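In what follows, a structure is listed as structure tokens, so that the remarks can point back to it.
Here's what the structure looks like:
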């Protein structure tokens with residue numbers, strides 16, 4: 220049984236939707252960073268930050284295979300049960316009229332914020348479904364421009380932001396030489412372009 224502070228810390232961690240998605244994926248099988256990044260359409264850097272946090276909290280454990288890829292898996296399964304019990308015979312204390320008015324205003328503001336938050340989450344869910352659908356379409360149509368998972372890893376990272384070579388090295392599992400070679404190939408096929416010292420996905424209208 221977890222103590223109160225441990226429960227609060229666990230709920231803080233599970234409050235992040237992407238961490239819950241990672242946990243759900245790892246329930247199926249152990250995965251490495253690039254695999255999680257591709258399945259959930261998240262940048263490798265974001266995935267690494269979530270994994271490191273959950274590993275520090277001992278929610279996850281990792282090991283390396285013979286190719287030195289670091290696999291993550293759940294150290295414990297997580298089940299959160301919330302039990303609400305109505306208390307009988309509870310009477311509210313009497314309050315002054317101005318206190319009731321302030322309470323009503325705060326309650327109404329709280330209601331509006333909750334509904335606005337729910338609407339944003341619904342929109343986010345829809346956007347993430349559209350992203351996953353478009354990513355699947357990209358995978359079907361990649362042809363010879365994107366040859367394997369290494370190229371795909373670069374494209375996923377650049378989909379989140381235009382990056383310098385050093386920044387790509389931080390979020391990539393590729394060596395510097397391999398990264399340079401793949402970037403050269405992707406620029407040659409017109410998938411990636413370099414502006415000053417940053418690489419980016421080439422836009423159809425030079426955006």
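Residue numbers (my numbering): 220 to 426. C-beta: ideal position from N, C-alpha, C; glycine also. As the structure is a computational prediction, the values presented were derived from the model and not from experiment.
Three-state class that DSSP yields for residue 432 in the structure shown: The displayed coordinates of the chain run from 220 to 426. Any statement about residue 432 would go beyond what the structure contains.
Report the start-end ranges of each beta strand (DSSP E) in the segment 234-291 that is 3 residues or longer and not cut off at the edges. With a minimum length of 3 residues, the continuous beta strand (DSSP E) runs that stay inside the segment 234-291 are 279-283.
According to DSSP, residue 419 sits in a beta bridge with which residue or residues? Position 200 of the chain shown, counted from the start, is the residue given in the question as residue 419. Under DSSP, the beta-bridge partners assigned to residue 419 are 412.
Exposed or buried, which one is residue 418 when buried takes at least 16 other CB atoms within 10 Å? The sequence position of residue 418 within the chain shown is 199, counting from 1. With 16 or more other Cβ atoms within 10 Å, it is buried.
Through-space distance from residue 344 to residue 380, alpha-carbon basis: Your numbering for residue 380 matches position 161 in the chain shown. Your numbering for residue 344 matches position 125 in the chain shown. Between residue 380 and residue 344, the C-alpha separation is close to 21 Å.
Starting from the Cα of residue 252, find the closest Cα among 285, 282, 289 and 228 and give me that residue. What you label residue 252 is simply residue 33 of the chain shown in a count that begins at 1. Nearest option by C-alpha distance: 289.
Please confirm whether residue 375 and residue 256 have their CB atoms less than 7 Å apart. As a working note, residue 375 is residue 156 in the chain shown. As a working note, residue 256 is residue 37 in the chain shown. Their beta carbons are under 7 Å apart, which means residue 375 touches residue 256 by this criterion.
For residue 228, collect the residues of the same chain with a Cβ closer than 8 Å to its Cβ; drop the 5 residues on either side in sequence, then sort them by chain order. Along the chain shown, read from residue 1 onward, the residue named residue 228 stands at position 9. 276.
Taking the alpha-carbon positions, what's the residue 389 to residue 270 distance? Numbered from 1 along the chain shown, position 170 holds the residue referred to as residue 389. Numbered from 1 along the chain shown, position 51 holds the residue referred to as residue 270. Taking the straight line joining both Cα atoms gives about 15 Å.
Range covered by the alpha helix (DSSP H) that runs through residue 383: Translated into the one-based positions of the chain shown, residue 383 becomes position 164. Under the DSSP assignment, residue 383 falls outside any alpha helix (DSSP H); it carries neither an H nor an E label.
Opposing strand residues paired with residue 293 [DSSP bridges]: As a working note, residue 293 is residue 74 in the chain shown. In the DSSP output, where bridge partners are listed per residue, residue 293 has 279.
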